[in-house]
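Number of protein chains: 2
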Amino acid sequence: MYTLLHQDAHCHARRGLIQTAHGTVQLPAFMPVGTLGTVKGIELSLLRQTGAEMILGNTYHLSLRPGEDVVRELGGLHGFCGWQGPILTDSGGFQIFSLAKIMRLDEDGAIFRSHIDGSKIELPPERSVKIQETLGSDIAMVLDHVVALPNERKVIEDAMLRTVRWAERCQKAADHPYQKQFAIVQGGLDPELRRRCAEMLAELDFPGYAIGGLSVGETPAEMYEALDFTLPYMPPEKPRYLMGVGRPEDVLNGILRGVDMFDCVMPTRNGRNAQAFTDAGPLRLRNKKHERDDRPLEDGCPCPACQRSRGYLRHLFMAEEMLGPILLTIHNLTYYQRLVARSRQAIEADRFVGFYAERMTGWNESE
Amino acid sequence: MYTLLHQDAHCHARRGLIQTAHGTVQLPAFMPVGTLGTVKGIELSLLRQTGAEMILGNTYHLSLRPGEDVVRELGGLHGFCGWQGPILTDSGGFQIFSLAKIMRLDEDGAIFRSHIDGSKIELPPERSVKIQETLGSDIAMVLDHVVALPNERKVIEDAMLRTVRWAERCQKAADHPYQKQFAIVQGGLDPELRRRCAEMLAELDFPGYAIGGLSVGETPAEMYEALDFTLPYMPPEKPRYLMGVGRPEDVLNGILRGVDMFDCVMPTRNGRNAQAFTDAGPLRLRNKKHERDDRPLEDGCPCPACQRSRGYLRHLFMAEEMLGPILLTIHNLTYYQRLVARSRQAIEADRFVGFYAERMTGWNESE
Numbered sequence: 010m011y012t013l014l015h016q017d018a019h020c021h022a023r024r025g026l027i028q029t030a031h032g033t034v035q036l037p038a039f040m041p042v043g044t045l046g047t048v049k050g051i052e053l054s055l056l057r058q059t060g061a062e063m064i065l066g067n068t069y070h071l072s073l074r075p076g077e078d079v080v081r082e083l084g085g086l087h088g089f090c091g092w093q094g095p096i097l098t099d100s101g102g103f104q105i106f107s108l109a110k111i112m113r114l115d116e117d118g119a120i121f122r123s124h125i126d127g128s129k130i131e132l133p134p135e136r137s138v139k140i141q142e143t144l145g146s147d148i149a150m151v152l153d154h155v156v157a158l159p160n161e162r163k164v165i166e167d168a169m170l171r172t173v174r175w176a177e178r179c180q181k182a183a184d185h186p187y188q189k190q191f192a193i194v195q196g197g198l199d200p201e202l203r204r205r206c207a208e209m210l211a212e213l214d215f216p217g218y219a220i221g222g223l224s225v226g227e228t229p230a231e232m233y234e235a236l237d238f239t240l241p242y243m244p245p246e247k248p249r250y251l252m253g254v255g256r257p258e259d260v261l262n263g264i265l266r267g268v269d270m271f272d273c274v275m276p277t278r279n280g281r282n283a284q285a286f287t288d289a290g291p292l293r294l295r296n297k298k299h300e301r302d303d304r305p306l307e308d309g310c311p312c313p314a315c316q317r318s319r320g321y322l323r324h325l326f327m328a329e330e331m332l333g334p335i336l337l338t339i340h341n342l343t344y345y346q347r348l349v350a351r352s353r354q355a356i357e358a359d360r361f362v363g364f365y366a367e368r369m370t371g372w373n374e375s376e
Numbered sequence: 010m011y012t013l014l015h016q017d018a019h020c021h022a023r024r025g026l027i028q029t030a031h032g033t034v035q036l037p038a039f040m041p042v043g044t045l046g047t048v049k050g051i052e053l054s055l056l057r058q059t060g061a062e063m064i065l066g067n068t069y070h071l072s073l074r075p076g077e078d079v080v081r082e083l084g085g086l087h088g089f090c091g092w093q094g095p096i097l098t099d100s101g102g103f104q105i106f107s108l109a110k111i112m113r114l115d116e117d118g119a120i121f122r123s124h125i126d127g128s129k130i131e132l133p134p135e136r137s138v139k140i141q142e143t144l145g146s147d148i149a150m151v152l153d154h155v156v157a158l159p160n161e162r163k164v165i166e167d168a169m170l171r172t173v174r175w176a177e178r179c180q181k182a183a184d185h186p187y188q189k190q191f192a193i194v195q196g197g198l199d200p201e202l203r204r205r206c207a208e209m210l211a212e213l214d215f216p217g218y219a220i221g222g223l224s225v226g227e228t229p230a231e232m233y234e235a236l237d238f239t240l241p242y243m244p245p246e247k248p249r250y251l252m253g254v255g256r257p258e259d260v261l262n263g264i265l266r267g268v269d270m271f272d273c274v275m276p277t278r279n280g281r282n283a284q285a286f287t288d289a290g291p292l293r294l295r296n297k298k299h300e301r302d303d304r305p306l307e308d309g310c311p312c313p314a315c316q317r318s319r320g321y322l323r324h325l326f327m328a329e330e331m332l333g334p335i336l337l338t339i340h341n342l343t344y345y346q347r348l349v350a351r352s353r354q355a356i357e358a359d360r361f362v363g364f365y366a367e368r369m370t371g372w373n374e375s376e
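In structure tokens, the structure reads:
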């Protein structure tokens, strides 16, 4: 499913694409998060205009609400939400970390107490596969065991080995006409655990590989280091997806090291909270200094938020108008899409290192 | 500014247009309400797609937040909110009724205690004019004295006479290159008071006239009766605007009697609360019966909400996703715009009475 189009001559950044049953995705790509069958706060026609080619859904959340059978009856995840492009579904593995307080886990799988009504949800790897097949996503993630960082080496190693065993069970359980499975490399911040995990999973020959278990408590420097010692052991002929990451600088640091795919709630969540991403660093729109500022968030940005002034956007947040979160969601998603689009161009011209340096400097100029 | 294009042969319904500095509005027209410089929950490109040609802003609310000087510095109301079509601003008169608890009034004008920070806002007619001129709307409303119904005849008569005196003061205070002022007929449910008010205001030769002080506690039948005995005294060569009305059936009853313009928060407010308007009556989207319903809200509706299933829309509301209110806002505004568009076609073909009867029957079929 993966095609390498060009390798930057001066770093590990690579320009590629993946082909799915619902279309092609240009890489490096940023995927907006649509946990419950909607990218929060943005209508699909406007989401397409941001440049997004692939979106995420979440197995755990959709199986609770509205339930995968309802989604199937209403046209599968594509028909249900109306997004006819590629969709990737997470497996529920991240909820093993984020909902640890309402979860217990053994070798068979995870068992959650629903955060909605307290009912019991059993999630062995085979059920995660089945739910994702019912949803009909283009790319399904294997169920992995995500643990918080820092943590004891023994805990991280156990979770890593379990992740490999579960990946094998997911692979065996898979039976879908077009859905592709991505395996997930775990192993915390330990080079040896990451290498072993990547090598064992490579043996299983999945169509794609993710790096999981990052952005769970470690520093950015630790995360970049983990990428440095993990990526060399991931098959170069397969797409590489860094899960749940991150800030714009994290995305560029991932691309620099050879990552192809990213997802994060940051552009949407921070947008709802009045933070706008720009090339000069983030803007806090509630700040009084924007009150009479007639400039757009970002010169040259084609998004509808940038057809208005910073003063207008501030007004919307101060008056608690829905359009504030809507417009900043659109702007931030557009910002991330433009960032990866510019990265793709830079890689094609073998100048990603320069682009990276320029952007890192710009962001530190701040407001 | 008003052109009568066609008078229906069998009722008072009329097909016309008004020309403003920011474009033409086909009549009868429904104007979405954008109190604070945004029609709640809908991005402008999608608002245009609903068919809306003219929107409302509110003098009282905008003068408090962000303040008319900020609006002026940020391009006037058109530049501020990005809507380049016609805009009508209400005068603050309705807040004399709706915010009566934080308002006192004498012959000079109204004085409010800000509902935001308790500060004092003096609103004599001249200041309402000045604020609206600073905002730069295409149509400004005179400051009127709106009272609740039912009420004592003396109270209603005093408010009506004051409304006429204030209209004259507004007219004298007006000084703007393109803004047109509409006067407002008051007089409660009393035929003689309404007639006297309409006649006195007609003497003053405003470019347009509104019927105010309805939808403030009376029954629909009483409101229709008030239209019946008021409209004959309003100049036929001027546009007629029924303020703050109403349900789809109220809009058709207004058109039937010769009203040209309407505004109401109902399509947007009810949309945010999961109610969708359809030709078969309103749907409550939170109802369990919609869970697996794969039909659109309304067959043949071109809006993005109707590209999804009722089941998906219900899911969005149950999961408290912003896209639920967004999509139902779009659908309801589209519904109202299609209703007035179909009314305009029916009038042109002298068949508005039939269209009216057909729609009234359809709505009563209900869910």
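As given, the protein sequences belong to chains A and B, one line each in that order.
Here the first sequence stands for residues 10 to 376, numbered as in the numbering used here.
Here the second sequence stands for residues 10 to 376, numbered as in the numbering used here.
Ideal Cβ positions, reconstructed from N, Cα and C, are used throughout, including at glycine.
Coil, strand or helix - residue i by DSSP
i      : result
A/K49  : coil
A/Y11  : strand
A/F364 : helix
A/V164 : helix
A/V42  : strand
A/G217 : strand
A/R295 : coil
B/K139 : helix
A/L6   : Any question about residue 6 of chain A goes unanswered here, given that chain A covers just 10 to 376.
A/R351 : helix
B/D259 : helix
A/G60  : coil
B/A230 : helix
B/Q93  : coil
A/V173 : helix
A/V34  : strand
A/R203 : helix
B/L198 : coil
Those residues which DSSP pairs with residue i across a bridge
i      : result
B/M112 : B/F121
B/N67  : B/D99
A/M150 : A/F191
B/Q316 : DSSP, once it has assigned bridges, lists no residue as partnering B/Q316.
B/F271 : B/F39, B/L251
Minimum Cβ-Cβ distance from residue i to chain A less than 8 Å
i      : result
B/Q190 : no
B/I335 : yes
B/F326 : no
B/P257 : no
8 Å Cβ cutoff, residue i in contact with chain B
i      : result
A/E376 : With a pLDDT of 45 at A/E376, under the threshold of 50, the predicted position of this residue should be treated as unreliable, though the coordinate-derived value follows. No, A/E376 does not count as interfacial toward chain B.
A/Q104 : no
A/Y11  : no
A/Y365 : no
A/K297 : no
A/P75  : yes
A/V173 : no
A/V42  : no
A/R304 : no
A/L55  : yes
A/F89  : yes
A/R317 : yes
Any non-hydrogen atom of the ligand FAD closer than 7 Å to residue i Cβ
i      : result
B/S137 : As for the ligand FAD, it is missing from this structure, which has no ligand bound.
field: Inter-stretch contact (C-beta, 8 Å, three-pair minimum) for the region 341 to 349 of chain A and the region 56 to 66 of chain A
entry: yes
- prompt: Using 8 Å as the threshold, is the region 16 to 28 of chain A in touch with the region 83 to 91 of chain A, meaning 3 or more CB pairs across them?
  reply: They do not touch, by the three-pair rule.
Stretch pair the region 157 to 164 of chain B + the region 129 to 136 of chain B: three plus CB contacts closer than 8 Å: Result no; under three Cβ-Cβ pairs closer than 8 Å.
- prompt: Using 8 Å as the Cβ pair cut-off and three pairs as the minimum, do the region 65 to 72 of chain B and the region 93 to 110 of chain B touch?
  reply: The region 65 to 72 of chain B, when compared against the region 93 to 110 of chain B, does touch it at the 8 Å Cβ threshold.
message: Within 8 Å, do at least three Cβ pairs link the region 190 to 207 of chain A to the region 141 to 154 of chain A?
response: Contact annotation: the region 141 to 154 of chain A touches the region 190 to 207 of chain A, with at least three C-beta pairs closer than 8 Å.
- request: Inspect the CB distances between the region 202 to 222 of chain A and the region 232 to 247 of chain A and report whether three or more fall short of 8 Å.
  value: yes
message: Quick test of the definition: if touching needs 3 or more C-beta pairs under 8 Å, does the region 41 to 50 of chain A touch the region 356 to 363 of chain A?
response: no
- request: Count the CB pairs spanning the region 290 to 307 of chain B and the region 261 to 278 of chain B that are closer than 8 Å, and state whether there are at least three.
  value: no
task: May I ask you to verify whether the region 68 to 77 of chain A touches the region 224 to 232 of chain A, counting CB pairs closer than 8 Å and requiring at least 3?
output: Taking 8 Å as the limit for Cβ pairs, the verdict is that the region 224 to 232 of chain A does not touch the region 68 to 77 of chain A.
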